[in-house]
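Chemist: Sequence order for the protein chains is Y and P. If you read the first sequence in the working numbering, its first letter stands for residue 243, the second for the next number, and so on. If you read the second sequence in the working numbering, its first letter stands for residue 338, the second for the next number, and so on. All C-beta atoms, glycine included, are put in the ideal place defined by N, C-alpha and C. Please read all numbers here as calculations on a predicted model, not as lab measurements.
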Amino acid sequence: DAKTTQPPSMDCAEGRAANLPCNHSTISGNEYVYWYRQIHSQGPQYIIHGLKNNETNEMASLIITEDRKSSTLILPHATLRDTAVYYCIVRPQPSGSARQLTFGSGTQLTVLP
Amino acid sequence: DTAVSQTPKYLVTQMGNDKSIKCEQNLGHDTMYWYKQDSKKFLKIMFSYNNKELIINETVPNRFSPKSPDKAHLNLHINSLELGDSAVYFCASSQSRPYEQYFGPGTRLTVT
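#1: For Val341 of chain P, which beta-bridge partners are listed by DSSP?
#2: Would a check of beta-carbon distances place Arg323 of chain Y closer than 9 angstroms to chain P?
#3: With a threshold of 9 angstroms between beta carbons, is Tyr328 of chain Y in contact with chain P?
#4: Have a look at Leu380 of chain P and Phe345 of chain Y and give me their C-alpha separation to the nearest angstrom.
#5: Are the C-beta of Ile331 of chain Y and some C-beta of chain P separated by less than 9 angstroms?
#6: From Ser267 of chain Y to Arg310 of chain Y, what does the alpha carbon distance come to, in whole angstroms?
#7: The beta strand (DSSP E) with Gly292 of chain Y in it runs from where to where?
#8: Around the Cβ of Gly348 of chain Y, are there at least 16 other Cβ atoms within 10 angstroms (buried) or fewer (exposed)?
#9: Any beta-carbon of chain Y closer than 9 angstroms to the one on Lys378 of chain P?
#10: At the level of alpha carbons, what is the spacing between Gln351 of chain P and Thr447 of chain P?
#11: Take Asn201 of chain Y as the anchor and find which of Y:Gly285, Y:Thr307, Y:Ala302, Y:Gln287 has the nearest alpha-carbon.
#12: Just tell me which of Y:Pro355, Y:Asp324, Y:Thr321, Y:Leu315 has its CA closest to the CA of Asn265 of chain Y.
#13: Give the secondary structure of Arg323 of chain Y by DSSP, where H, G and I count as helix, E and B as strand, and everything else as coil.
#14: Listed from N- to C-terminal order along the chain, which residues in the segment 284-311 of chain Y have their beta-carbon within a distance smaller than 9 angstroms of any beta-carbon of chain P?
#15: Of all the options P:Gly441, P:Ser431, P:Thr444, which has the alpha carbon lying nearest to the alpha carbon of Gly365 of chain P?
#16: Let me see if you follow: with CB-CB separation under 9 angstroms, is Gln342 of chain Y close to chain P or not?
#17: Taking the C-alpha atoms as reference points, what is the distance between Leu418 of chain P and Asp355 of chain P?
#18: With distances taken between CB atoms, is the gap from Pro403 of chain P to Val341 of chain P smaller than 9 angstroms?
#19: Excluding the 5 residues flanking Glu437 of chain P on each side, which residues of the same chain have their C-beta closer than 8 angstroms to its C-beta?
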């Protein structure tokens, strides 16, 4: 599996866009980029995923560079409730029984009032 | 409605005891998982299970065993509890997109 590198922590002002980077320079062609977050004392929450095109849903946008070696998760209008640890995970589409998620150390995003 | 629920939320027990944590999902998913989050906050997969196969992370001691009475439940049994088993245990489930997993609220296990 491709390894990911994320900054350990970031701050963002409430109401502003939060841009969380992830480096995955060893990603291979069949691997997707997934983002999860974990709010304190809660279970992780799926946010978004993508392969090569940019993706957007009601929670966030995912921008993947053309060479796919890095990506950015964008929370367009961060709120205090977005304070959480954000995990970038790279995984191939499952074949057979390979369904596990492997979480790294993530980025602690703190949204400041 | 709670999608993935776990009971109990907190569990305090002594070394050597046997305990179980229950997990239920009402999403109709076919695959369920157990993860362990240690004191350093690293989340590690322990098991994944559907009605066809059980995948066990090779680092999980055989004192841990998942048991699934039906498709909506995956319980975690732990025998001879040790201090190092203290952690938060998360259950999760998924369906056709296995990396879109829905997690439960976690069970904080403290072994004294």
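Modeler: From the atom records:
#1: By 1-based counting over the second sequence, the position of residue 341 of chain P is 4. DSSP, once it has assigned bridges, lists P:Gln362 as partnering Val341 of chain P.
#2: Translated into positions along the first sequence, residue 323 of chain Y becomes position 81. No, its Cβ sits nowhere closer than 9 angstroms to a Cβ of chain P.
#3: Mapped onto the first sequence, residue 328 of chain Y falls at position 86. No, its Cβ sits nowhere closer than 9 angstroms to a Cβ of chain P.
#4: The count along the second sequence starts at 1 and reaches residue 380 of chain P at position 43. The count along the first sequence starts at 1 and reaches residue 345 of chain Y at position 103. Between the C-alpha atoms of Leu380 of chain P and Phe345 of chain Y there is a straight-line separation of about 6 angstroms.
#5: Along the first sequence, one-based indexing puts residue 331 of chain Y at 89. True, the Cβ-Cβ gap to chain P drops below 9 angstroms.
#6: Counting from 1 along the first sequence, the entry for residue 267 of chain Y is found at position 25. Counting from 1 along the first sequence, the entry for residue 310 of chain Y is found at position 68. If you take the alpha carbons of Ser267 of chain Y and Arg310 of chain Y, they lie about 7 angstroms apart.
#7: Numbered from 1 along the first sequence, position 50 holds the residue referred to as residue 292 of chain Y. Its beta strand (DSSP E) spans residues 287-292.
#8: Looking up residue 348 of chain Y in the first sequence gives position 106. Looking at its Cβ environment, which holds 16 or more other Cβ atoms inside 10 Å, Gly348 of chain Y is buried.
#9: Looking up residue 378 of chain P in the second sequence gives position 41. The beta carbon of Lys378 of chain P falls within 9 angstroms of a beta carbon belonging to chain Y, placing the residue at that interface.
#10: In the second sequence, the residue the question calls residue 351 of chain P occupies position 14. In the second sequence, the residue the question calls residue 447 of chain P occupies position 110. Their Cα atoms are separated by approximately 8 angstroms.
#11: The question about residue 201 of chain Y has no answer here: the residues shown for chain Y are numbered 243 through 355.
#12: In the first sequence, counting from the first residue as 1, residue 265 of chain Y sits at position 23. When each option's Cα is compared against that of Asn265 of chain Y, the closest is Y:Leu315.
#13: In the first sequence, the residue the question calls residue 323 of chain Y occupies position 81. Reduced to three states, the DSSP call for Arg323 of chain Y is helix.
#14: Answer set for the segment 284-311 of chain Y: Gln284, Gly285, Pro286, Gln287, Tyr288, His291.
#15: Taking the first residue of the second sequence as 1, we reach residue 365 of chain P at position 28. When C-alpha distances from Gly365 of chain P are compared across P:Gly441, P:Ser431, P:Thr444, the shortest belongs to P:Ser431.
#16: The residue you call residue 342 of chain Y lines up with position 100 of the first sequence. So yes, Gln342 of chain Y belongs to the interface.
#17: In the second sequence, counting from the first residue as 1, residue 418 of chain P sits at position 81. In the second sequence, counting from the first residue as 1, residue 355 of chain P sits at position 18. Between Leu418 of chain P and Asp355 of chain P, the C-alpha separation is close to 6 angstroms.
#18: On the second sequence, residue 403 of chain P is found 66 positions in, with the first residue counted as 1. On the second sequence, residue 341 of chain P is found 4 positions in, with the first residue counted as 1. Val341 of chain P sits away from Pro403 of chain P, with the two beta carbons spaced by 9 angstroms or more.
#19: Looking up residue 437 of chain P in the second sequence gives position 100. Result list for Glu437 of chain P: Ser431, in chain order.
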